[in-house]
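Encoded as structure tokens, the structure appears first; notes follow it.
Numbering (my numbering), first residue to last: 226 to 382.
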């Protein structure tokens with residue numbers, strides 16, 4: 226599937242479904258998650274409730290209807306940190322694949338055909354956009370991925 230890239234805020238996406246990466250350790254407060262928590266507190270509440278009740282698994286997806294958007298919390302990393310700038314990679318590429326596959330299956334079953342996302346896994350998670358975009362192209366069969374870039378740049382790697 227071809228990936229479309231748009232300049233602008235993910236939270237202003239005209240697509241109904243927006244997804245982003247989260248960690249499995251219960252933290253929901255940095256990067257895109259921080260913005261989503263401010264705009265859609267229910268997405269954070271659902272994430273934390275799932276963490277408390279059952280724990281979070283790599284590759285898991287939590288769909289939360291927040292009105293204008295359905296937010297998809299994708300558990301794409303086991304833990305979080307703040308040293309991706311020095312080369313630490315927190316994103317789990319297998320978890321990214323499982324999460325994209327889950328979204329694709331839901332798109333097939335529910336009939337939505339486009340999903341908005343950031344450059345998932347490349348910020349604080351330290352991942353390679355080349356690897357993540359390759360996974361996205363392989364797994365997105367039922368939806369068109371639209372990636373929003375706040376600053377208009379595509380991450381290296």
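Cβ coordinates follow ideal geometry from the N, Cα and C atoms, glycine included.
Keep in mind it's a predicted model, so treat the numbers as computed, not measured.
Which two residues bound the contiguous beta strand (DSSP E) that contains residue 290? 286-290
Around the Cβ of residue 227, are there at least 16 other Cβ atoms within 10 angstroms (buried) or fewer (exposed)? exposed
Bridge partner(s) assigned by DSSP for residue 370: 340
Roughly how many whole angstroms lie between the Cα atoms of residue 371 and residue 352? 19 Å
Express the C-alpha separation of residue 275 and residue 300 in angstroms, rounding to a whole number. 11 Å
Inside the segment 317-361 only - beta strand (DSSP E) runs reaching at least 3 residues: 339-342
Tell me the rounded alpha-carbon separation between residue 249 and residue 293. 26 Å
Straight-line Cα distance separating residue 364 from residue 377: 24 Å
Does the beta-carbon distance from residue 328 to residue 244 come in below 8 Å? yes
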